[in-house]
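Peer 1: Numbering-wise, the sequence shown is residues 74 to 481 according to this note's numbering. A virtual CB, placed ideally from N, CA and C, is assigned to each residue, including glycine.
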Amino acid sequence: MIGHHKTLNDPDLRDRLYELLEHDHLPLSVGSRFVRMVVIVIFADVLAVTLASVPQLDARYGLVFTAVQVMAIAVFAFEYFARLWSVAGHTPRKASALRDRLDYAFSALGIIDLCAFLPAAIVLAVGDHATLATLCVLPFLKLVRYSPAMRSLLAAIQAERRTLVGCVVILTGAVLLFASLLYAVERDVQPEKFGTLPDAMWWAIVTLGTVGYGDVVPVTTLGKAITVFAIVAGFAMIALPVAIISTAFAEEVKRRDFVVTWGMLARVPLFAHLSAGEIADIMRLLRARTVETDEVLARRGDTASSMYFITAGEVEIELPTQRVRLVDGSFFGEIALLHRTRRSGTVKALRKTRLLVLDAQDFHALIERMPALAAHVKTIAQARMADSGDLAPVELAEAKAHDDQPGG
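1. Run through DSSP, which three-state label would Asp367 get?
2. If you draw a straight line from the C-alpha of Ile383 to the C-alpha of Ile352, how long is it?
3. Three-state secondary structure (DSSP) at Ala422?
4. Let me make sure I understand the geometry here. Which of Lys215, Val397 and Asp354 has the alpha-carbon closest to that of Leu423?
5. Checking 7 Å against the spacing of the C-beta atoms, do Glu240 and Leu313 come in under that value?
6. Check whether the Cβ atoms of Phe149 and Ala229 lie closer than 7 Å to each other.
7. Over what stretch of residues does the beta strand (DSSP E) that includes Arg373 continue unbroken?
8. So, with DSSP's three-state summary, where would you put Arg89?
9. Excluding sequence positions up to five away, which residues of its chain have a Cβ less than 7 Å from the Cβ of Val400?
10. In chain order, what residues of the same chain lie with their CB nearer than 6 Å to the CB of Asp186, ignoring the 5 residues before and after it?
11. Nearest CA to the CA of Ala44: which residue from Ser379, Thr394 and Gly418?
12. I need the straight-line Cα distance from Leu429 to Ala385, nearest angstrom please.
13. In chain order, what residues of the same chain lie with their CB nearer than 7 Å to the CB of Val326, ignoring the 5 residues before and after it?
14. Enumerate, from N- to C-terminal direction, the unbroken alpha helix (DSSP H) stretches of 4 or more residues contained entirely within the region 380–418.
15. For Thr293, report the span of its alpha helix (DSSP H) as first-last.
16. In the DSSP assignment, find the unbroken alpha helix (DSSP H) run with Thr245 in it and report its ends.
17. Quick one: grab the DSSP three-state call for Val430.
18. Who are the Cβ neighbours of Arg87 in its own chain at under 6 Å, not counting the five residues just before and after it?
19. Could you give the DSSP three-state label for Ala161: helix, strand or coil?
20. Does the beta-carbon of Val369 have 16 or more other beta-carbons within 10 angstroms, so that it is buried, or is it exposed?
21. Expressed to the nearest angstrom, what Euclidean distance is found between the alpha-carbon atoms of Leu249 and Val258?
22. Compare the C-alpha of Val420 against each of His412, Glu365 and Ala433 and name the closest.
23. Going by the beta-carbon positions, is the gap between Met356 and Thr376 smaller than 7 Å?
24. Straight-line CA distance for Gly282 to Pro192?
25. Are Leu157 and Arg172 closer than 7 Å when you measure CB to CB?
26. Give me, in chain order, the residues of the same chain whose beta-carbon lies closer than 8 Å to that of Val217; leave out the 5 immediate sequence neighbours on both sides.
27. Residue range of the alpha helix (DSSP H) that Val217 falls in?
28. Return the first residue and the last residue of the alpha helix (DSSP H) that Val286 is part of.
29. Going by CA-CA distance only, name the one from Phe116, Val114, Phe436 and Leu93 that's closest to Ser105.
30. Could you tell me the distance, in whole angstroms, from the CA atom of Val143 to the CA atom of Leu214?
31. I need the straight-line Cα distance from Ala277 to Val210, nearest angstrom please.
32. Counting only runs that start and end within the region 112–147, where is the alpha helix (DSSP H) found for 4 or more residues in a row?
33. For Pro291, count neighbouring Cβ atoms within 10 angstroms of its own Cβ and tell me buried if that reaches 16, exposed if not.
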C-alpha cells in the first residue's frame, strides 16, 4: 500500500498549519510554543539592535548581534510566508486562494508581519546599522498579534478616536491661548525666550504637559500668575485623554469577554431561544476552570453536579458504546444534570482545556425562574441525547420514572 504524500497544496496540511498559527494557543500546545518562540525572538531582536547601537558593545559583540538579527529575520519571514500560504480558504469572504492571500497581505497585521523583516533584511544587507536601529520598533509591533491586551487597547483608541481628536483640539486651543498671553506679557522682558509666538508655544507645550523643563520661565508677576493657571489646566489636559482611554480599554476587555462567552452560550440548544438579557443572567453564574492534559473531569457513575462549556481545548467522553470528542465551543453534561441522574460517561481532557462551569444548583434555579426554559428542556433532552449519547437509555428511563412519581 502506497502512503499518501503530503504536498504544499494539500488542504489538510494547510488547514492544520492555519489552526496552529491562528488558534492553537493553549499552554503547552504546539501553537503556544511557537507563539512563545516568536515573542522571545522579537525581544531578542529588539535588544540586539539596541545594544548594537553602542559602539563599544558593537565592536566586541558585533557578530553575535548580527547573528541574532539574521535569525529574527529568518523566523519572521518564515512566519509571514506560512501565514500567507495557509490563510487560503479561511477568510469570511470564502473567495479564491489568491484573493484570500491578498487580503492578508494588505491587512494591518499582514503589513506589520511584512515590515517586521523586509526593511531590516534590506538595511542589514546594505550594512547601515544606524538605519537598522531606527527599525527596531517594527518587530515590536508584532506583539499586537499575540497580545489580546494590546489589541483591546488599539480597539479602544479606535472606538474613541473622535473623542480623542476633540481632546487634541482642546489642547491645541489651550496651547495657543497661554502662548499668546505669555507672548504679550513677556516678549519685551525676555525677547530671547518669548520674542516670537512659536517660542511662547514651546513654553506652553512643556507647561501644559506638566513637564516643565525650566529652560523657559516667566519672570514678571503677571506671567507667573498665568503660569499657575497653565499648570492647573495642564493636569486636566493630561487627565482627560487618559481617563477616556482607560475607560474605553476596560469596556473593550469586558466587551470581548462578553461576546466570546455570549456567543458560546447562544449556540447551546438549551439557551438558543432565550433573549440576550436572559443569557447575560446565565453568564453571571458561570465560573472558570482549567484542567490539565489527561485529567479526569467526571467519571461514569458520578452524581451530575455541573454543566460544562469548552472555551479552549479538547475533551473525550467515554460512553458505554462509543467515544465522543468535543472541542472549542462545545458543551456537555446538561442532560444528566437536567434529569438528576448519574454520569453515563467518563470525561477526560485530551489537552490542557479551559472550561466555563454552571453548577447544578444555579442551573435548577434558572429552570424554576424561567418557565420558557423549563418547557424547552424536554424537547432538547431527547434531541441532545441522540446526538451526544450523554445519557444511556436506561438512565433516561429511570429519570422519566422519577419525574412520574408524586412530588418528583
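Peer 2: Considering the structure as presented:
1. coil
2. 17 Å
3. strand
4. Val397
5. Note that residue 240 is Cys in the sequence shown here, rather than Glu. Against a cut-off of 7 Å, the Cβ pair of Leu313 and Cys240 comes out as a contact.
6. no
7. Where Arg373 is concerned, there is no enclosing beta strand (DSSP E), given that its DSSP letter is neither H nor E.
8. helix
9. Ile383 and Glu387
10. Tyr153
11. Since the displayed the chain opens at 74 and closes at 481, residue 44 lies outside it and no answer follows.
12. 10 Å
13. Ser225
14. 407–411
15. From DSSP, Thr293 is part of no alpha helix (DSSP H); its letter is neither H nor E.
16. Arg234 to Glu259
17. strand
18. Ser159
19. coil
20. exposed
21. 14 Å
22. Glu365
23. no
24. 34 Å
25. no
26. Leu182, Ile185, Met223, Arg224 and Leu227
27. Leu216 to Tyr219
28. Note that residue 286 corresponds to Tyr in the displayed sequence, not to Val. Looking at the DSSP string, Tyr286 is not in any alpha helix (DSSP H), and its letter there is neither H nor E.
29. Leu93
30. 18 Å
31. 30 Å
32. none
33. buried
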